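Just so we're aligned, residue 4 is where the sequence shown starts under the working numbering, counting upward by one.
So the structure is just underneath, and the comments pick up after that.
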Amino acid sequence: MEDGSVYSWGEGDKGQLGHDALETWHHIPMRIQAIKQRKVVSAAVGEGYTIFCTASGTLLACGDNSNGCLGQGNKTSLLVPRQIVKLEHIPIVQVASGTTHVLALTEGGIVYSWGTSSHGALALGKRIHVALEPERVILPQLVQNRPSLATVANSTTALANILTSLYKHETILDPADVLA
4 MEDGSVYSWG EGDKGQLGHD ALETWHHIPM RIQAIKQRKV VSAAVGEGYT IFCTASGTLL
64 ACGDNSNGCL GQGNKTSLLV PRQIVKLEHI PIVQVASGTT HVLALTEGGI VYSWGTSSHG
124 ALALGKRIHV ALEPERVILP QLVQNRPSLA TVANSTTALA NILTSLYKHE TILDPADVLA
């Protein structure tokens with residue numbers, strides 16, 4: 004909604020709806036009271052969890068945390084959205100999620116990842132399959148030096164192209180790939 008209020012409905016058996024309850028199914032849209040004072044501009048969802056991004060760049064998370072997707076540094080699930088403390092002073096402009104992992108892009112073009120992946124989706128190295136809180140992704144030099152990355156931060160395609168290239172362990176050779 005334009006005012007930043009958030010309504011949720013559907014399956015809520017893991018707390019992913021943010022209504023302070025485990026709900027098998029919620030059939031009617033209901034405002035998430037726990038974040039009614041926040042202006043939410045986007046959200047990402049995965050397997051039983053939800054991440055909300057506010058206009059000020061704060062990330063809030065709720066739901067199933069068995070895979071560490073809530074970024075709280077533990078595996079405790081949450082029925083209401085709670086701020087991801089490690090990113091408290093780092094404005095986030097975009098958040099994306101997979102089934103069991105989350106990626107966040109900062110104003111400065113830095114990417115953080117957390118959650119679980121045995122297939123490299125965290126982009127944290129071959130041996131890191133679980134990150135219970137956000138960890139900085141080391142990007143290829145070409146991407147790090149792209150001053151326009153922050154200007155395209157709202158483009159899902161740009162983030163997806165960067166992270167797809169990282170995931171496939173490719174080197175981004177064409178700057179157009181970053182801005183596609």
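The C-beta atom is built at its ideal place from N, Cα and C for all residues, glycine as well.
Note that this is a predicted model, so its numbers are computed, not measured.
Contact defined as beta carbons within less than 8 angstroms: I believe V105 pairs with V114. What is the distance between those atoms, to the nearest angstrom? Residue 105 sits at position 102 when you count from the first residue of the sequence shown. Residue 114 sits at position 111 when you count from the first residue of the sequence shown. That pair is no contact at about 11 angstroms.
Between the Cα of L20 and those of E50, N68, L82, T57, spot the shortest distance and give me the residue it belongs to. By one-based count along the sequence shown, residue 20 stands at place 17. L20 has its Cα closest to that of L82, out of E50, N68, L82, T57.
Take G112 as the anchor and find which of G128, G101, P94 has the nearest alpha-carbon. The residue you call residue 112 lines up with position 109 of the sequence shown. If we check each option's Cα against that of G112, P94 comes out closest.
Does L25 come out as helix, strand or coil in the three-state DSSP assignment? Sequence index remark: in the sequence shown, residue 25 carries index 22 (1-based). Residue state, collapsed to three classes: coil.
In the DSSP assignment, find the unbroken beta strand (DSSP E) run with P84 in it and report its ends. The residue you call residue 84 lines up with position 81 of the sequence shown. Note, P84: beta strand (DSSP E), 81-86.
Would A134 be called buried (16 or more neighbouring beta carbons within 10 Å of its own) or exposed? Along the sequence shown, one-based indexing puts residue 134 at 131. Buried, because 16 or more other Cβ atoms sit within 10 Å of the Cβ of A134.
Taking V48 as the reference, give the member of G128, K17, G101 with the closest Cα. Locating residue 48 in the sequence shown gives position 45, where the first residue counts as 1. Answer by Cα proximity: G101.
Tell me the start and end of each unbroken beta strand (DSSP E) in the segment 91-142 that is at least 3 residues and wholly inside, in chain order. 95-100, 104-109, 114-119, 133-139
Between the segment 48-66 and the segment 8-18, do three or more beta carbon pairs fall short of 8 angstroms? yes
Helix, strand or coil: how does DSSP classify A58 here? Along the sequence shown, one-based indexing puts residue 58 at 55. Here A58 sits in coil by DSSP.
Delimiting residues of the beta strand (DSSP E) encompassing G7: By one-based count along the sequence shown, residue 7 stands at place 4. Here G7 belongs to no beta strand (DSSP E), and DSSP marks it neither H nor E.
Any contact of the segment 66-75 with the segment 26-38, i.e. 3+ C-beta pairs under 8 angstroms? The segment 66-75 vs the segment 26-38: no contact.
Backbone CA spacing between T79 and P143 [nearest angstrom]: Residue mapping note: residue 79 aligns to position 76 of the sequence shown, counting from 1. Residue mapping note: residue 143 aligns to position 140 of the sequence shown, counting from 1. T79 and P143: Cα-Cα distance of roughly 33 angstroms.
If T103 and G123 are in contact, beta carbons under 8 angstroms, what's the gap, nearest whole angstrom? Walking along the sequence shown from the start, residue 103 turns up at place 100. Walking along the sequence shown from the start, residue 123 turns up at place 120. T103 to G123, Cβ: 13 angstroms. No contact.
Proximal residues to P137 (C-beta, below 6 angstroms), its chain only, five neighbours per side dropped: Against the sequence shown, residue 137 aligns to sequence position 134. Around P137: G74, K89, L90, Y115, W117.
Could you check if T109 is buried or exposed, using at least 16 other CB atoms within 10 Å of its CB as the buried criterion? One-based indexing of the sequence shown puts residue 109 at position 106. Buried, by the Cβ-count rule.
Taking only the alpha-carbon atoms, compute the straight-line gap between L152 and A107 and give it to the nearest angstrom. Position 149 of the sequence shown, counted from the first residue, corresponds to residue 152. Position 104 of the sequence shown, counted from the first residue, corresponds to residue 107. Below a pLDDT of 50, predicted positions are generally treated as unreliable, and L152, at 32, falls in that range; the measurement from the model is reported next regardless. Cα-Cα distance, rounded: 13 angstroms.
S45 - containing beta strand (DSSP E), residue span: Taking the first residue of the sequence shown as 1, we reach residue 45 at position 42. Unbroken beta strand (DSSP E) run through S45: 43-49.
Neighbour-count burial assignment, I31, 16 or more Cβ in a 10 Å radius: Position 28 of the sequence shown holds residue 31. Answer is exposed; the Cβ neighbour count stays below 16.
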